[in-house]
Amino acid sequence: MTPGNGKPGTMSPATTAELEALRREVAAWRAAYGKLPLREGNFTSISGRSVEPVYTPVDLVDTLGGTELPGNFPFTRGVHPTMYRGKLWTMRQFAGFGTAHDTNARYKFLLERGQTGLSVAFDFPTLMGYDSDHPRSEGEVGKCGVAISSLADMETLFDGIPLDQVSTSMTINGPAAMLWCFYVAAAEKQGVDIRQLQGTVQNDMLKEYQAQHAWIYPVEDALKIIVDMFEWGSTHTPKWNTISISGYHIREAGATATQELAFTLANGFSYIEHGVARGLPVDSFAPRLSFFWDVHNDFFEEIAKMRAARRIWARRLKEKYGATDERSWKMRFHCQTAGVSLTAQQPMNNVVRVAYQALAAVLGGTQSLHTNALDETLALPTEESVRVALRTQQILAYETGVPNVADPLGGSWYVEALTDTMEREAEGLFAEIDAHGGVVAAIEKGWFQRQIASSASRFQDEMDSGTRAVVGVNAFVEEEPDRPLEILKIGEEADRTQRERLGRLRNERNQAAVERALDELGRAGREGRNVIPAMLDCARSYCTLYEIRYALEKVYGAYREPVFF
Amino acid sequence: MTTQTKPLSRPIRVLVAKPGLDGHDRGAKVVAAALRDAGMEVIYTGLHQTPEMIATAAIQEDVDVVGLSILSGAHMTLFPRVRKLLDEAGRQDLLVTGGGIIPAEDAEALRGQGIGKLFGPGTPLADLIDYINQWAAEHLEQ
C-alpha cells in the first residue's frame, strides 16, 4: 500500500535494512518479555481482539503510517486540513420528551447554554409511524422522546427557532421521509428558503433490519423511498444530509467494533449501489451521505475504527464507484458515546466513562458529538445531568488543548497498526457479506442479526464470568445501595394533550385536501414514481403521520421479522 | 451457581416477549438463550407485540413463566395489561416477570400489582435463572 501524501519514501522512518534489524530486536525482546511475570488481567480489547504488549514500525502494513496529511486522500487523519482549528465539532445533544411544546423548551435551554446543533429524539409511536392516538401508541406517548404526529406538532417543536439558522438532526428511520416532509413544510411555514436547511435525517433502514428494528415496509420498498429522498434532496435541499449511515445501533445491539465498522460500511456501499441503480450519478448524492459511530470504552480501538472507516470509504468511493468529487470521498460523521456502557450501579462513574469516550471521538476526528448523561441507564436525562454531559464536551474543547492538533495519535505505532488491522478485518467481513448474497439477502436470512446476537452473548458471558471487568457491576462493587438519583418522570399528560391536539386537528383541517393528497401519494407509490413531492403535499395538508404511513402500506405491505434467538 | 431445588419432572416453559414498540431486543435475546442453556423450554415472540398477542401466546404455548422485556418507559401500562389478560383467562398461576429500564419505585409498585421481580441493567444471568428456578420449586407441581 502506498501512503496518501503522494511522496513515498521521502519521509520513511526506516530503510528495509533498519526494519529487518528492528524485527530481530523485537523478536528478542518478545522472547525476554515472555519470561516476565504479568499481573492477572484481560489483555484483549472489549471486542475480544488480542492486543500486543508493544507496537513498533514492524507492525504496520505501510511503514509510512502517520505521514499522510489531514484533508488529503484517503483521509485517515481527518477530512479537513484545519480540523478543529477550522471549526470545533458540533456539540449536539439528542433530546426529546413529552409534547412538542415540552421539547421546544428543552431545545431553547440547550441553545442558550452554548449547544450548537439540535438533535430530535422521537417517541416510539413516532419512530414506528403511529399517531399519538393510535391504539398501538398507548402508554408510550412522549415517554422516550417527543411525540410528533403532524406538521402542526413540528411547527410547535421549532417555534421561535429559525430553521435557516440551526442545523437539526432527526433520529428517524421507518417514517424518515414523513418526518422530513413535516420539517421541510415547517420551514416553508416559517418563510425560510428550504435550500438553506441544514441537518440530517437518520433514514438508515438497513441497520434497522439488522439491529434497531424500527421498520415499516419490506426492505426493497424502504430502500426505494430512501433513494427517492437522495434524488429529491440533491436538488431541493442541497445542504441537507439525506441519510446518516449508522453503526451506533449495530454496536449497541451487541456487535464488536469491527462488526460495527464493516456492517455499517457495507450498508453504505449498498446505498451507493441502490442510488446508482436508479441512474443517479454517484457524485450527485454521495456528498450528502453522512455516518454515525458509537464510541465505546476501548479507547484506541474506537479511534482506530474511525480512522479505518474514513480510509476504506474514500478508497471505495474513488476506486470502485468512480466518484470524482472529493466531497464524495470524505466520510463525515457524528458520534455518540456508548449508551450500553453506562451502568445503573454507581451511576456517577458514568460521567468518567463518557469523558473518556468523548475524548476518543475527538481523537478519531468526529464532526459532531452527543455525550450521554450519567442517568440515561435509568431514565431520560434531567436538565442537570444533560448540562454535565454538555460541559464535558466544552471542557474537552476549551481546556484540554486536544483540538489544537489534527489527528494527534497519527504515527502512534499502536494506533496505526490497529487502523491497518481493522481495515483488513473489515475487508474480510465484506467478503463474507458478499458470500451471503449481499446486504439485503444477508438481512433476509437473519445473518447480521445472528452475528450481532452472538457477540452480545459473548460479552454477557465475559461479564458474568468476571473476565471482563465492569466497575461497579462485577468489580469494585459497593455493599451499600446507591443513593437514588433524581430522575426525569414523564407522566401521562403528553398522551392527553396529544389526543386533544389531534382531535382538534382532524376537525379543523380541510378534509377534502387531506384525502386528495393521500390518494395522490398512493398513486405515486403504485406507479413507482418518486413519492416525496406527493408526501410533502400530504404534510402541507396536515395529514397525520399514520395516515401517510398507511397510504403507502396499502401499496408496499409490511415487513415481517425473522424471529430467532 | 444456580440454587439447588428439587428438579421438576419436566422443563420449565418460558415465553420471552417484547411488548410495545421499542426495538431493543439485545437483552431479550441474551436472556432467552441463557434460559434455554439453563435447561428451560423457551419461546421468543419477536418484536412489537401487543399485550393481547402475548397473553394469547402464553396460553396457547402453555408456559409457566412470561418474561417481558421493556426499555421504552411503557412498563407501567404494559406489565399490568398482560397480568390482567392472563388473570381474566383464569391463569393467575403464571409468573409474569421481566426487565429493562425500570426505575426501582416503579418495580416496587408493579410488585404490588401481581408482577414478579424485575431485573435491571447489569444483572448477572445467574440471578434470573435462580429466581425462576426458585419460583418453579415453590409454585409448580413436582
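These protein sequences, in sequence, are chains V and Y. If you use the working numbering, the first sequence corresponds to residues 39 to 603, in order. If you use the working numbering, the second sequence corresponds to residues 989 to 1130, in order. C-beta: ideal position from N, C-alpha, C; glycine also.
- Between the region 448-468 of chain V and the region 215-222 of chain V, the count of Cβ pairs shorter than 8 Å is below three; the stretches do not touch.
- Taking a C-beta cut-off of 8 Å against chain V, the contacting residues of the region 1026-1039 of chain Y are Val1030, Tyr1032, Thr1033, Gly1034, Leu1035, His1036 and Thr1038, listed in chain order.
- Taking CB atoms only, arginine 233/V has no neighbour in chain Y less than 8 Å away.
- Residue-level contact by beta carbon fails for glycine 1086/Y and chain V, as no gap is shorter than 8 Å.
- Across the region 463-496 of chain V, CB contacts with chain Y closer than 7 Å involve Ala491, Ala494 and Ser495, in sequence order along the chain.
- A Cβ of chain V is located within less than 8 Å of the beta carbon of arginine 1014/Y.
- Per DSSP, the continuous alpha helix (DSSP H) segment holding glutamate 500/V begins and ends at 485-503.
- The beta carbon of glutamine 383/V sits closer than 8 Å to some beta carbon of chain Y.
- With the rule of 3 Cβ pairs closer than 8 Å, the region 493-502 of chain V does not count as touching the region 386-400 of chain V.
- Contact note: alanine 291/V reaches chain Y through Arg1014, using a C-beta cutoff of 7 Å and chain order.
- Taking C-beta atoms under 8 Å as the contact rule, glycine 155/V and serine 207/V qualify, at a distance of about 7 Å.
- Looking at the backbone, the Cα of threonine 194/V and that of serine 579/V are separated by about 16 Å.
- Looking at Ala346/V, Gly180/V, Arg151/V and Leu149/V, the one whose alpha-carbon comes closest to that of threonine 164/V is Gly180/V.
- Under the three-state reduction of DSSP output, glycine 1011/Y falls in the coil class, being neither helix nor strand.
- Beta-bridge partners assigned by DSSP to glutamate 437/V: none are found.
- Here arginine 1071/Y is buried: its Cβ has 16 or more other Cβ atoms, across all protein chains shown, within 10 Å.
- DSSP places glutamine 536/V in the uninterrupted alpha helix (DSSP H) bounded by 531-546.
- If you compare the alpha carbons of Trp278/V, Ala507/V and Arg564/V with that of leucine 201/V, the shortest gap goes to Trp278/V.
- The straight-line gap separating the alpha-carbon atoms of proline 1112/Y and valine 400/V is approximately 33 Å.
- In this structure, aspartate 445/V lies near arginine 115/V, with their beta-carbon atoms less than 8 Å apart.
- Taking the Cα positions, alanine 393/V is about 22 Å away from valine 158/V.
- Under the DSSP assignment, alanine 1005/Y falls outside any alpha helix (DSSP H), being part of the beta strand (DSSP E) whose first and last residues are 1001-1005.
- Among the residues of chain Y, those whose CB is under 9 Å from the CB of arginine 174/V are Gly1008, Leu1009, His1036 and Thr1038, following chain order.
- For serine 379/V, no alpha helix (DSSP H) run applies, since DSSP gives it neither H nor E.
- When secondary structure is reduced to three states using DSSP, histidine 1036/Y falls in the coil class, being assigned neither helix nor strand.
- The C-beta separation of glutamate 591/V from tyrosine 255/V comes to about 7 Å, placing the pair in contact by the 8 Å criterion.
- Sequence-ordered contacts of the region 1055-1070 of chain Y with chain V read Leu1059, Ser1060, Gly1061, Ala1062, His1063, Met1064, Thr1065, Leu1066 and Arg1069 [C-beta pairs closer than 9 Å].
- If you draw a 10 Å sphere on the C-beta of serine 997/Y, you find fewer than 16 other C-beta atoms in it, and that means exposed.
- DSSP, read as helix, strand or coil, puts isoleucine 1031/Y in strand.
- The Cβ atoms of alanine 185/V and aspartate 161/V sit closer than 8 Å to each other.
- Across the set Phe147/V, Gly566/V, Arg547/V and Glu482/V, the C-alpha of Glu482/V shows the shortest separation from the C-alpha of glutamate 246/V.
- Sequence-distant Cβ neighbours of glycine 313/V in its own chain, meaning closer than 6 Å and more than five residues away, are Val265, Phe268 and Phe323.
- Taking a beta-carbon distance threshold of 8 Å, leucine 416/V counts as an interface residue toward chain Y.
- Within chain V, the residues whose beta carbon sits less than 8 Å from that of alanine 1092/Y are Pro522, listed in sequence order.
- Chain V has no Cβ within less than 8 Å of the Cβ of alanine 1043/Y.
- If you check the CB distance, alanine 411/V and alanine 435/V do not come in under 8 Å.
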